[in-house]
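Heads up: the sequence lines are chains A and B, in that order. Each residue of the first sequence is one higher than the one before, starting from 1 at the first, in the working numbering. Each residue of the second sequence is one higher than the one before, starting from 1001 at the first, in the working numbering. No residue lacks a Cβ here, since even glycine has one placed at the ideal position from N, Cα and C. Predicted, not measured: the structure shown is a model, and the values here were computed from it.
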Amino acid sequence: SQQGEEDPQALSIQEGENATMNCSYKTSINNLQWYRQNSGRGLVHLILIRSNEREKHSGRLRVTLDTSKKSSSLLITASRAADTASYFCATVLQTGANNLFFGTGTRLTVIP
Amino acid sequence: DTEVTQTPKHLVMGMTNKKSLKCEQHMGHRAMYWYKQKAKKPPELMFVYSYEKLSINESVPSRFSPECPNSSLLNLHLHALQPEDSALYLCASSQVVGSNQPQHFGDGTRLSIL
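Here's what the structure looks like:
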C-alpha cells in the first residue's frame, strides 16, 4: 500500500500549547500535502510542500519534509479549540496523476 | 461553506435501490475526483475525471458508475449496493490533473445501505 502512516493516532493538548504530528510514507514523492477534516465535514487543504523544499510556513502552521527519511511533520503553534479536527498527510507520487494517497490521520483535541 | 457542493448530504437506501450522488463546482477546475471514506479511516480514491473523461478507476465495483456531464458536474450512480458500501462519499476538484495542485473537497454525502 502507498498509504502513509501518521503518529500519534490521537493527541490531546491544552489551548495555547503546540501540536506536532508526524507522517511517514513509502515511495518517492512529487509533493506532500496536509489536510484538516472537522467531524462530519470535507477536507480542507492546509499546506503543500514540494519534494525539493525542506520547510514551509503558513500562519501558525510549520511543515517540514525530509525526503531521505521519507517523513514529514506538521507543527501547529499556539493551538486553539477551533483547531480540534483530524489531520491527514497526503502524498503525490513522482509519476502519474495528481492522486492523493492519504496517511492514517491524527485526531487532535484542543482543550479550552 | 465549501466551493464544492455535494447533494444530498445524507442518503439511506436499500440494496435494490438506484440512486445518484451529485457534485458541482464553479471554480473552473478541470479535474474532479470521487473518494470513499469509512469511519475513522482516511479517504480512498475511487475515480478521477480529467477534462470530463474518466482517467482513473481504482478497481471500483461496477455497482458504482461515475458520470461527468460537463466540466462543473460530477455524478456517482449507485445500484445494488452492499451494506459495506455505507460510508462518506467525498467529491473533490483541482485545477488540472497534475502535480502541485491542491484539491478542494465538498462536505460529502453520508450513505447508509440498509
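Give me the residue from the options with the minimum Cα distance to residue i.
i       : options                               : result
A:A78   : A:Y87, A:L61, A:Q94 and A:K70         : A:L61
A:N98   : B:F1047, B:G1106, B:Q1082 and B:P1066 : B:F1047
A:D83   : A:S72, A:T106 and A:I29               : A:T106
B:S1059 : B:C1068, B:Y1035 and B:P1042          : B:Y1035
B:Q1095 : B:T1109, B:Y1051, B:R1030 and B:P1008 : B:R1030
A:I13   : A:F102, A:S71, A:R80 and A:N38        : A:R80
A:E5    : A:L108, A:S39, A:I29 and A:G103       : A:G103
B:A1039 : A:S86, A:L108, A:V110 and A:I111      : A:S86
A:K70   : A:E17, A:G59 and A:E53                : A:E53
B:L1114 : B:Y1051, B:Q1006, B:N1017 and B:P1008 : B:N1017
B:F1064 : B:S1093, B:L1045 and B:S1050          : B:L1045
A:T109  : A:I29, A:T27, A:N38 and A:Y25         : A:N38
A:I29   : A:S68, A:G16 and A:A10                : A:S68
B:C1068 : B:N1057, B:E1052, B:I1056 and B:Y1033 : B:E1052
A:T27   : A:F88, A:D66, A:L75 and A:I76         : A:D66
B:S1050 : B:S1093, B:P1043 and B:P1042          : B:S1093
B:N1100 : A:R50, A:K56 and A:T64                : A:R50
A:F101  : B:P1066, B:K1041 and B:N1070          : B:K1041
A:F88   : A:E15, A:G16 and A:Y25                : A:Y25
Our contact map puts residue i next to residue j with C-beta atoms below 8 Å; I'd like the distance itself, whole angstroms only.
i       : j       : result
B:C1091 : B:V1012 : Not really, about 19 Å apart at Cβ, beyond 8 Å.
B:H1104 : B:S1072 : Going by Cβ atoms, the distance from B:H1104 to B:S1072 rounds to 13 Å, so no, they are not a contact pair.
A:S58   : A:C23   : Between A:C23 and A:S58 the Cβ distance is about 16 Å, and since that is not below 8 Å, they are no contact.
B:P1102 : A:L48   : 6 Å
B:S1086 : B:S1112 : 5 Å
A:L74   : A:N18   : The pair is not a contact, with the Cβ atoms about 11 Å apart (cut-off 8 Å).
DSSP has residue i in a bridge; who is on the other side?
i       : result
B:Q1025 : B:V1004
A:S79   : Per DSSP, none; premise fails for A:S79.
A:D66   : A:S71
B:S1020 : B:H1077
B:R1110 : B:H1010 and B:L1088
A:Y35   : A:H45 and A:F88
A:R107  : A:A10 and A:S86
B:Q1037 : B:L1088
B:K1053 : B:S1050
A:K56   : A:V63
B:S1094 : B:A1031
A:T27   : Bridge partners of A:T27: none, in fact.
B:P1102 : Paired residues: none, contrary to the question.
For residue i, is the classification buried or exposed, using 16 other Cβ atoms within 10 angstroms of its Cβ as the cut-off for buried?
i       : result
B:A1080 : exposed
B:G1014 : exposed
B:H1010 : exposed
B:E1084 : exposed
A:M21   : buried
B:Q999  : Chain B is shown from 1001 up to 1114; residue 999 of chain B falls before or after that span and cannot be answered.
A:P8    : exposed
A:I111  : exposed
B:Y1089 : buried
A:A10   : exposed
B:P1061 : exposed
Check your understanding: Three or more beta-carbon pairs under 8 Å between the stretch 1073-1081 of chain B and the stretch 1019-1026 of chain B, yes or no?
Key -> yes
**Study point:** Any 3 or more C-beta pairs closer than 8 Å across the stretch 13-33 of chain A and the stretch 80-95 of chain A
**Key:** yes
Practice item. Indicate whether the contact test is met: 3 or more Cβ pairs, each with one atom in the stretch 1104-1112 of chain B and one in the stretch 42-56 of chain A, closer than 8 Å. Key: yes
Point to revise | Interface residues of the stretch 95-109 of chain A facing chain D [CB-CB below 7 Å] | key: Included in the structure are the protein chains A and B, with no chain D among them.
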